[in-house]
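Number of protein chains: 2
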Amino acid sequence: MNLKDLSAVLGLSQTTVSRALNGYPEVSEATRQRVVAAAEKHSYRPNTRAKGLATGRSMAIGHVIPVSTQHEMVNPVFGDFIAGAGESYAAAGYDMVLSVVQDSQEERVYRDMFSKGNVDGIVVHAPEMQDPRIALLQGIGMPFAVHGRASDIATPYNWLDINNKSAFQRATDFLLDLGHTRIGLLNGLENMDFAHRRRSGYLEALHNRGISVDPQLMRSGEMTENYGYQAVQQMMELPDSPTAYLVSSMIPAIGIRRALHDAGLVMGRDVSVITHDDDLSYLRNGDDVPLFTATRSSVRDAGRQLADILIGQISDPTKPPQTKLLEAELTVGRSTGPNLRGR
Amino acid sequence: MNLKDLSAVLGLSQTTVSRALNGYPEVSEATRQRVVAAAEKHSYRPNTRAKGLATGRSMAIGHVIPVSTQHEMVNPVFGDFIAGAGESYAAAGYDMVLSVVQDSQEERVYRDMFSKGNVDGIVVHAPEMQDPRIALLQGIGMPFAVHGRASDIATPYNWLDINNKSAFQRATDFLLDLGHTRIGLLNGLENMDFAHRRRSGYLEALHNRGISVDPQLMRSGEMTENYGYQAVQQMMELPDSPTAYLVSSMIPAIGIRRALHDAGLVMGRDVSVITHDDDLSYLRNGDDVPLFTATRSSVRDAGRQLADILIGQISDPTKPPQTKLLEAELTVGRSTGPNLRGR
DNA sequence: GTGAAAGCGCTAACAA
DNA sequence: TTGTTAGCGCTTTCAC
Numbered sequence: 327m328n329l330k331d332l333s334a335v336l337g338l339s340q341t342t343v344s345r346a347l348n349g350y351p352e353v354s355e356a357t358r359q360r361v362v363a364a365a366e367k368h369s370y371r372p373n374t375r376a377k378g379l380a381t382g383r384s385m386a387i388g389h390v391i392p393v394s395t396q397h398e399m400v401n402p403v404f405g406d407f408i409a410g411a412g413e414s415y416a417a418a419g420y421d422m423v424l425s426v427v428q429d430s431q432e433e434r435v436y437r438d439m440f441s442k443g444n445v446d447g448i449v450v451h452a453p454e455m456q457d458p459r460i461a462l463l464q465g466i467g468m469p470f471a472v473h474g475r476a477s478d479i480a481t482p483y484n485w486l487d488i489n490n491k492s493a494f495q496r497a498t499d500f501l502l503d504l505g506h507t508r509i510g511l512l513n514g515l516e517n518m519d520f521a522h523r524r525r526s527g528y529l530e531a532l533h534n535r536g537i538s539v540d541p542q543l544m545r546s547g548e549m550t551e552n553y554g555y556q557a558v559q560q561m562m563e564l565p566d567s568p569t570a571y572l573v574s575s576m577i578p579a580i581g582i583r584r585a586l587h588d589a590g591l592v593m594g595r596d597v598s599v600i601t602h603d604d605d606l607s608y609l610r611n612g613d614d615v616p617l618f619t620a621t622r623s624s625v626r627d628a629g630r631q632l633a634d635i636l637i638g639q640i641s642d643p644t645k646p647p648q649t650k651l652l653e654a655e656l657t658v659g660r661s662t663g664p665n666l667r668g669r
Numbered sequence: 327m328n329l330k331d332l333s334a335v336l337g338l339s340q341t342t343v344s345r346a347l348n349g350y351p352e353v354s355e356a357t358r359q360r361v362v363a364a365a366e367k368h369s370y371r372p373n374t375r376a377k378g379l380a381t382g383r384s385m386a387i388g389h390v391i392p393v394s395t396q397h398e399m400v401n402p403v404f405g406d407f408i409a410g411a412g413e414s415y416a417a418a419g420y421d422m423v424l425s426v427v428q429d430s431q432e433e434r435v436y437r438d439m440f441s442k443g444n445v446d447g448i449v450v451h452a453p454e455m456q457d458p459r460i461a462l463l464q465g466i467g468m469p470f471a472v473h474g475r476a477s478d479i480a481t482p483y484n485w486l487d488i489n490n491k492s493a494f495q496r497a498t499d500f501l502l503d504l505g506h507t508r509i510g511l512l513n514g515l516e517n518m519d520f521a522h523r524r525r526s527g528y529l530e531a532l533h534n535r536g537i538s539v540d541p542q543l544m545r546s547g548e549m550t551e552n553y554g555y556q557a558v559q560q561m562m563e564l565p566d567s568p569t570a571y572l573v574s575s576m577i578p579a580i581g582i583r584r585a586l587h588d589a590g591l592v593m594g595r596d597v598s599v600i601t602h603d604d605d606l607s608y609l610r611n612g613d614d615v616p617l618f619t620a621t622r623s624s625v626r627d628a629g630r631q632l633a634d635i636l637i638g639q640i641s642d643p644t645k646p647p648q649t650k651l652l653e654a655e656l657t658v659g660r661s662t663g664p665n666l667r668g669r
């Protein structure tokens, strides 16, 4: 059933039916009722492509997921974020189109999306510090919003980020309050913006207490279990090994638990571990977390909010860029590890 | 730059240019060269919507992700699978459109996708045993492929599945060979097809050895860390508690490790644990896995293969449905837990 | 308040 | 081998 058929059934012109369905004011209320009823009855759905061709809009938003040959891993948080964004899109009548892209191909993909006109806007994931994608999208005039931030980009743009710096600064402060001074940092890959910000939070907390920074205690890498295992094994061989660790994700923390266990130590008792796990908060179901975690209330909600920002931008392109900084929620589990103040 | 502009530049008709670009045989090689060069030079990209309108195809494939209010969790494997599928789509010139859908809304969404005509085919995720979506899609004549299977559906359709039954049967056999007879099963939600198959593999292995089944040792639930923690805590209170566990995902295994630890036991030494972790194989980086895992070589590759099946179906609708059963790869880690044969 | 007609950018019969 | 024309399903002037 298309518009032509529907208007034939009603004995009206396509124009009138279209107007009735799209809420134009000039159609009489009686006609509108009839039209809407008939559309409902025949479960008429306007053809997206035809509508798009006529209006110049595609009613779709693209998410571009970069996959480098370096780190092939897909962030486990990704599904949740997408789910949240999907809810907003559905509510606003947008489709979500996903492109998984080798990072070497990214520029071409963005340009193509624009010229093929199959999206009205784009969400940029996993920004690096001076991410070239932002200038590119600004250049071609495609509305976009970034999940995260690119610190070294000065011009304003839409973004939503979690306050990584403050989370790590607070977590470090927490450990410092317990009397820890040797705190290992297991960060993500430091070309990623989030990792850079987390590191600066860690450094600032140490600096504020006048504690010197030991480069041997700072690692960055892809967040696998094995990364945590090996990093901690190596740090434990240092003459003055850490009494606490700050970790960028729960995944390496699993390896840490194992490394400590191999050394006869228990995580959360002999050694403190704090993870920032917006990644895997669904691993924990109850309140009995043996880690102290800096977790975000909901990745999904973040997806929803970022989608809303982008939709707003698309419907009113004159609107100035929106930004949103979410504060990580700190959750204290059952055990926090040793309190060195008591010694 | 659109077709009209491009043909004007070349002094040819739109038709000829279109034919040259789409590889039609009747255009002269000389003209084709010229056209292709000009298209390249002006980086011409045909408008997807217009092309779709004219051809009746949308060059897009939909993935529908059901999210029930019951289990809100998004499977962490999802991102990897999607990444694999995305590669195939990109190679074949398809876009991927994602819909995250409340399961109550699913039927409407499928019908809409069809009548709005914005996808040429659909991938069905997370099938239940007699999944109604399959009949629905067959009814409206939309090409589709299922990631997994729906056991109770008799009519043929495209699917790709991992051999869940054989994986769990082999894993159970492995434990039986070690002398275990009390084996706890921590399964996923049993309305899911995969969980049902895994359970039957477990049962068959026990049956083949004449070992009676204890319903108290079989659990099903959503695969969270806490589920593993609580299930094992409760099973350990049984008079004859399990010496081994078979787990549907690595996530509950984390809780199991904790529950055992609380009881002074070490997973992989005092108690055997086998997980089926196509979920989180990226947790493990090296060869030093303390679990025996039945893991699939690559979720990503599975995504690629399923996409290829669907693409094949779309390009030739007369082709009979394809199916593909992947065999889980069994990986033995450092330690397998106690060998009861020696006692 | 309603309709006729043009056009969005492309493909595909049909002609030449 | 190339061009002309109609049409995909919708929106949008412009006229009535």
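Read top to bottom, the protein sequences are chains A and B. Every number in this note's numbering is 326 more than the matching position in the first sequence, counting from 1. Every number in this note's numbering is 326 more than the matching position in the second sequence, counting from 1. Every residue, glycine too, gets a C-beta built ideally from N, C-alpha and C. Given the structure is predicted, the values throughout are model-derived calculations rather than measurements.
Look at residue 371 of chain A here: in three-state DSSP terms it is coil, with no helix or strand label. In terms of beta-carbon proximity, residue 413 of chain A lines the interface with chain B, with at least one pair separated by less than 8 angstroms.
Considering only B:430, B:475 and B:381, the residue with the shortest C-alpha distance to residue 392 of chain B is B:430.
Residue 471 of chain B carries a strand assignment under DSSP once its states are collapsed to helix, strand and coil. Put simply, the backbone Cα of residue 580 of chain A is about 21 angstroms away from that of residue 500 of chain A. Here the alpha carbon of residue 562 of chain B sits roughly 23 angstroms from the alpha carbon of residue 527 of chain B. Just so you know, the alpha carbons of residue 626 of chain A and residue 411 of chain A end up roughly 7 angstroms apart.
Its chain contains 666 and 667 as the residues whose beta carbon lies nearer than 6 angstroms to that of residue 505 of chain B, once the 5 sequence neighbours on both sides are disregarded; these appear in chain order.
Residue-level contact check: residue 351 of chain B does not touch chain A, since none of the beta carbons of chain A fall below 8 angstroms from its beta carbon. Less than 8 angstroms divides the Cβ of residue 474 of chain A from the Cβ of residue 452 of chain A. Within the same chain, 553 come within 6 angstroms of residue 547 of chain A by CB-CB distance, once the 5 residues on both sides are set aside. The criterion of a C-beta distance shorter than 8 angstroms is satisfied by residue 523 of chain A and residue 491 of chain A. A direct Cα-Cα distance of roughly 38 angstroms separates residue 472 of chain B from residue 366 of chain B. For residue 628 of chain B against residue 407 of chain B, the beta-carbon gap comes to about 6 angstroms, under 8 angstroms, which counts as contact. Less than 8 angstroms separates the beta-carbon of residue 346 of chain A from that of residue 357 of chain A.
Three or more Cβ pairs drawn from the region 374-389 of chain A and the region 436-446 of chain A lie within less than 8 angstroms of each other, which places the two stretches in contact. Following the DSSP letters along the chain, one finds residue 428 of chain A in no alpha helix (DSSP H) but inside the beta strand (DSSP E) bounded by residues 421-428.
Residue 484 of chain B is a Cβ neighbour of residue 636 of chain B, given a cutoff of 8 angstroms.
The continuous alpha helix (DSSP H) containing residue 534 of chain B extends over residues 519-534.
If you compare the alpha carbons of A:644, A:648 and A:643 with that of residue 632 of chain A, the shortest gap goes to A:648. When Cβ-Cβ separations below 8 angstroms define contact, residue 627 of chain A makes no contact with chain B. Just so you know, the alpha carbons of residue 549 of chain A and residue 575 of chain B end up roughly 19 angstroms apart. Not a single CB atom of chain B sits nearer than 8 angstroms to the CB of residue 520 of chain A.
For a Cβ distance threshold of 7 angstroms, residue set 442, 443 and 444 of chain A lies close to residue 374 of chain B, ordered along the chain. Relative to residue 437 of chain A, the option among A:459, A:424 and A:454 whose CA is nearest is A:459.
The C-beta separation of residue 663 of chain B from residue 590 of chain B comes to about 15 angstroms, leaving the pair out of contact by the 8 angstroms criterion.
Straight across, the Cα-Cα distance linking residue 456 of chain A with residue 478 of chain A is about 5 angstroms. Shown here, residue 593 of chain A sits in a strand according to DSSP, grouped into three states. Less than 8 angstroms separates the beta-carbon of residue 571 of chain B from that of residue 599 of chain B. Among the residues facing chain A, residue 423 of chain B is included, as its CB has a counterpart in that chain under 8 angstroms away. The C-alpha of residue 515 of chain A is placed about 16 angstroms away from the C-alpha of residue 556 of chain A.
No Cβ-Cβ contact shorter than 8 angstroms links residue 640 of chain A with residue 482 of chain A. Within the region 545-573 of chain B, the runs of alpha helix (DSSP H) that reach at least 4 residues and sit entirely inside it are, in chain order, 551-562. Between residue 419 of chain A and residue 378 of chain B, the alpha-carbon positions lie close to 20 angstroms from each other. When A:361, A:439 and A:650 are compared, the shortest CA-CA separation from residue 348 of chain A is found for A:361.
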